[in-house]
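Peer 1: Provided herewith is a single structure, encoded as structure tokens, for subsequent inquiry.
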Amino acid sequence: MINIFLFLYCLVNSLIVDGIQDPLLEDLVQLEKVASANFAGAILQPASGTSFYGVSGALSVFNPKVENKEQMSVSAIWVLNRTPNNFNAVVVGWHVMPEIYNDDKTHLFIYWASDNLKRGCHNLQCRGFIQVDKSITPGQAFNQTSTIDGLTIMVSLGILQDPKTKNWWIYVNEKGIGYYPASLFSRLTTVDQVAWYGKTLNAMYAPSPPMGSGVLPNGILGHACYFKDLAFVNNDRKQQRFTKDMGQIKTTHPLCYSAAYYQDLQTGLSLQFGGPGGGKCN
């Protein structure tokens, strides 16, 4: 059964890209026996001596089918600060996670982690998140989701630090719904990585669930899940548009999941990601 520690495993394991193992996984080696994670998306890290203070993007919302409570499919953005001995992060996006909700619907979610993964939770499962606008509740299900070559449902997401309080605000559809107090985190006054991504989790040696729409990026907008209006808050605390020469596209298993940039005059730059998963993704 997936629990909070397996989600933490998935979050950290998603940083294993291009065959490079993150040292933070050394403390989670036991979990490797029961869970497998995959990642596809774009990661942006600041230049030496600089930091980031937020990330945002509009994300298409799908309902990838998971088979059981040992599977999870996520599409989200994050801010994080990590060292081999510390890990702090804030995440917002949508996921299908029967372990939490006992259903296969797509839910808006938020997440935080602190003290090298010793503290943190989804949504309002533990004390921490201060909800200000209750018109949107973390954990609520989407009434509608996108269909390939049909209806497209988008949700605008943002994680932004208040420069005065250092609190981390969560924005959904341009509303600041609440914040994570700076005091929750042992190391998140600045950010050394932001990302726009998809992620899956499944039992070790079991088939992996679909990511995003379940379709690999194919250069047709609306087929694969995608982000548009990608932006971040730079070292001068100004919102800056993301361009494809800035970050790195990463994927753990290109045969099952992928990510690619797409650009046209109407939408501008977008990041397509996802894939069908299957039995050869471990």
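Just so you know, we're using UniProt numbering here: the sequence shown kicks off at 1 and counts up by one. From the three backbone atoms N, C-alpha and C, an ideal C-beta is built for every residue, glycine too.
Going by C-alpha to C-alpha distance, which of 48, 163, 68 sits closest to residue 202?
Peer 2: Working through the sequence shown from its first residue, we reach residue 202 at position 202. It is 68 whose Cα lies nearest to the Cα of residue 202.
Peer 1: Look at the Cβ atom of residue 146, then the Cβ atom of residue 174, and state whether they are nearer than 7 Å.
Peer 2: The count along the sequence shown starts at 1 and reaches residue 146 at position 146. The count along the sequence shown starts at 1 and reaches residue 174 at position 174. No; because the gap between Cβ atoms is not below 7 Å, this pair is not in contact.
Peer 1: Roughly how many angstroms lie between the CA atoms of residue 220 and residue 41, to the nearest whole one?
Peer 2: Along the sequence shown, read from residue 1 onward, the residue named residue 220 stands at position 220. Along the sequence shown, read from residue 1 onward, the residue named residue 41 stands at position 41. If you take the alpha carbons of residue 220 and residue 41, they lie about 17 Å apart.
Peer 1: How would you label residue 199, buried or exposed, when you count the other beta carbons within 10 angstroms and need 16 or more for buried?
Peer 2: One-based indexing of the sequence shown puts residue 199 at position 199. That one is buried.
Peer 1: Here's a check: name, in chain order, each residue in its chain whose Cβ is nearer than 7 Å to the Cβ of residue 85, leaving out the five neighbours to either side.
Peer 2: Stepping through the sequence shown from its first residue, residue 85 is reached at position 85. Only 116 meet the Cβ criterion.
Peer 1: Measuring straight from C-alpha to C-alpha, what distance separates residue 237 and residue 279?
Peer 2: Here residue 237 refers to the residue found at position 237 when the sequence shown is read from its first residue. Here residue 279 refers to the residue found at position 279 when the sequence shown is read from its first residue. The alpha-carbon atoms of residue 237 and residue 279 are separated by roughly 44 Å.
Peer 1: Expressed to the nearest angstrom, what Euclidean distance is found between the alpha-carbon atoms of residue 132 and residue 180?
Peer 2: Mapped onto the sequence shown, residue 132 falls at position 132. Mapped onto the sequence shown, residue 180 falls at position 180. Cα to Cα, residue 132 sits roughly 11 Å from residue 180.
Peer 1: Please report the distance separating the alpha-carbon of residue 77 from that of residue 43.
Peer 2: Here the question's residue 77 lines up with position 77 in the sequence shown. Here the question's residue 43 lines up with position 43 in the sequence shown. Going by the C-alpha atoms only, they are around 10 Å apart.
Peer 1: Using the Cα positions of residue 151 and residue 230, report the straight-line distance between them to the nearest angstrom.
Peer 2: As a first step, residue 151 is located in the sequence shown; it is residue number 151 there, counting from the start. As a first step, residue 230 is located in the sequence shown; it is residue number 230 there, counting from the start. Cα to Cα, residue 151 sits roughly 21 Å from residue 230.
Peer 1: What would DSSP say about residue 146, mapped onto helix, strand or coil?
Peer 2: Residue 146 sits at position 146 when you count from the first residue of the sequence shown. In the structure shown, residue 146 sits in coil (DSSP, three-state: anything other than H, G, I, E or B).
Peer 1: Straight-line CA distance for residue 27 to residue 38?
Peer 2: Here residue 27 refers to the residue found at position 27 of the sequence shown. Here residue 38 refers to the residue found at position 38 of the sequence shown. No answer about residue 27 holds up, because its pLDDT of 32 lies below 50 and its placement is not dependable.
Peer 1: Which of helix, strand or coil does DSSP assign to residue 35?
Peer 2: Mapped onto the sequence shown, residue 35 falls at position 35. Residue state, collapsed to three classes: coil.
Peer 1: Could you check which residue in 234, 51, 215, 135 has the C-alpha nearest to that of residue 273?
Peer 2: Stepping through the sequence shown from its first residue, residue 273 is reached at position 273. Cα-wise, what sits closest to residue 273 is 215.
Peer 1: Ends of the alpha helix (DSSP H) at residue 100?
Peer 2: Position 100 of the sequence shown, counting from 1, holds the residue named residue 100. Note, residue 100: alpha helix (DSSP H), 98 to 101.
Peer 1: Determine the extent of the beta strand (DSSP E) in which residue 263 is found, giving its start and end residues.
Peer 2: Taking the sequence shown and counting its residues from 1, the one referred to as residue 263 is at position 263. Unbroken beta strand (DSSP E) run through residue 263: 258 to 264.
Peer 1: So for residue 89, helix, strand or coil by DSSP?
Peer 2: The residue labelled residue 89 in the question sits at position 89 within the sequence shown. Of the three classes helix, strand and coil, the one that applies to residue 89 here is strand, per DSSP.
Peer 1: Do residue 90 and residue 168 have their C-beta atoms within less than 7 Å of each other?
Peer 2: Here residue 90 is taken as the residue at index 90 of the sequence shown, counted from 1. Here residue 168 is taken as the residue at index 168 of the sequence shown, counted from 1. Yes, they are a contact pair.
Peer 1: Pick helix, strand or coil for residue 188, following the three-state DSSP scheme.
Peer 2: Looking up residue 188 in the sequence shown gives position 188. In the structure shown, residue 188 sits in coil (DSSP, three-state: anything other than H, G, I, E or B).
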